[in-house]
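Under our numbering, think of the first position of the sequence shown as 385, with each following residue one higher. By construction, the Cβ of each residue, glycine as well, lies at the ideal position given by its N, Cα and C atoms. It should be emphasised that the depicted structure is a prediction, and the values quoted were computed from it without experimental measurement. Here's the structure, in structure tokens; my notes come after.
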Amino acid sequence: MKTTLVVLAAGIGSRYGAGIKQLAKMDNNGYTIIDYSIFDAKEAGFDKVVFIIRDEIEDDFKEIIGDRISEIMEVEYAYQRPELPGGFKNPEGRTKPWGTVQALIPTREFVNEPFLVINADDYYGKKVFKDLHDFLVNPANADKDKLQIAMAGYKLKNTLSDNGTVTRGVSVGDENNKLVKIIETHEIKLEKDGSLSSKENLDSDLLNLESLVSMNMWASYPEFIDLCDEYFEKYLVRNKDNLDKAEYVLPEMIGEFIKENKAEITILPTNDKWIGITYKEDLEP
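Written out as structure tokens, the structure reads:
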């Protein structure tokens, strides 16, 4: 069965500082963090990659990453652009992308098979790619009446940065590892006394070092992308008076799926350790 890796590489990365963080070189061979993820994905069984990029980084992206990857895998490009559906207009002066839900919409013409979506600036570990690929080709105990989605569930302690706060989707599952709630949690920080703080002030029963969190690694099927289009337009309607700051992210949409009984989301726990380049200091040895 053909399977596709979708790489979210259109983010501006304002916390990283100057430069395009997705293209930062991670070793003496010039490999980027995306190279490592693609190697692991290919080894797990994924045989096509769709890069979501912005027009202004296209030339650099293809030169540094895309042209080289196309020698070993089928490569397609989708472009996250500011145009909005449903007659909505982009607020004057806005340059910030509309979030990960809108970013996935232009991949519809390229993704006709089971797929996995990942961030371009995160390294996820080898085993988790195999686990998610296995889910896609043979979802166990699936409810045939619901869209099937799987997420990698990382222990929060394995996803913290020494260089600043992080945003994570704190995930709550039932006894069968089905997701029942996901809380997009901002400014998570490990304090000197060993406690965790967050912008949302989550209690320690939800936010602790063993909490399972989403790292924006979602496995599903083409219907998921159709729903991105539908739910993004609904989001714009709800937020029509606040479009200068609005941003719609995948955990928020998936939380709505849960409330509306639209999908069944399986948490696949992993002990893999996340490595990312949220901050420029994350590149330092």
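{"query": "Of the residues Leu590, Asp558, Glu458, which one's Cα is nearest the Cα of Ala425?", "result": "Glu458"}
{"query": "DSSP three-state label for Leu500, please.", "result": "strand"}
{"query": "Apply the 10 Å Cβ neighbour rule to Trp658 and answer buried if 16 or more other Cβ atoms are within range, or exposed otherwise.", "result": "buried"}
{"query": "Using the Cβ count rule (16 or more neighbours within 10 Å means buried), how would you classify His517?", "result": "buried"}
{"query": "Would you call the CB atoms of Ile566 and Ser555 closer than 9 Å?", "result": "yes"}
{"query": "What does the Cβ neighbour count give for Ile456, buried or exposed, with the cut at 16 atoms within 10 Å?", "result": "exposed"}
{"query": "Based on DSSP bridge pairs, tell me the residues matched to Ile422.", "result": "For Ile422, which the question treats as bridged, DSSP gives no partner whatsoever."}
{"query": "Is it true that the CB of Val495 sits closer than 9 Å to the CB of Ile422?", "result": "no"}
{"query": "Report, in whole angstroms, the separation of the C-beta atoms of Thr654 and Val512, which I expect to be a contact under 8 Å.", "result": "5 Å"}
{"query": "So, are the CB atoms of Ala462 and Phe430 less than 9 Å apart?", "result": "no"}
{"query": "Run the CB neighbour count on Lys469, radius 10 Å, all protein chains shown included, and call it buried at 16 or more, exposed below.", "result": "Reading off the sequence, residue 469 comes out as Pro, not Lys. Exposed, because fewer than 16 other Cβ atoms sit within 10 Å of the Cβ of Pro469."}
{"query": "Can you give me the Cβ contacts of Pro523 inside the same chain, cut-off strictly under 6 Å, excluding the 5 residues immediately before and after it?", "result": "Gln532"}
{"query": "So, with DSSP's three-state summary, where would you put Ala543?", "result": "For the record, residue 543 in the displayed sequence is Thr; it is not Ala. Reduced to three states, the DSSP call for Thr543 is coil."}
{"query": "Are Ile638 and Tyr507 touching if we call contact CB-CB under 9 Å?", "result": "no"}
{"query": "Assign Ala394 to one of two classes, buried (16 or more other C-beta atoms within 10 Å of its C-beta) or exposed (fewer than that).", "result": "buried"}
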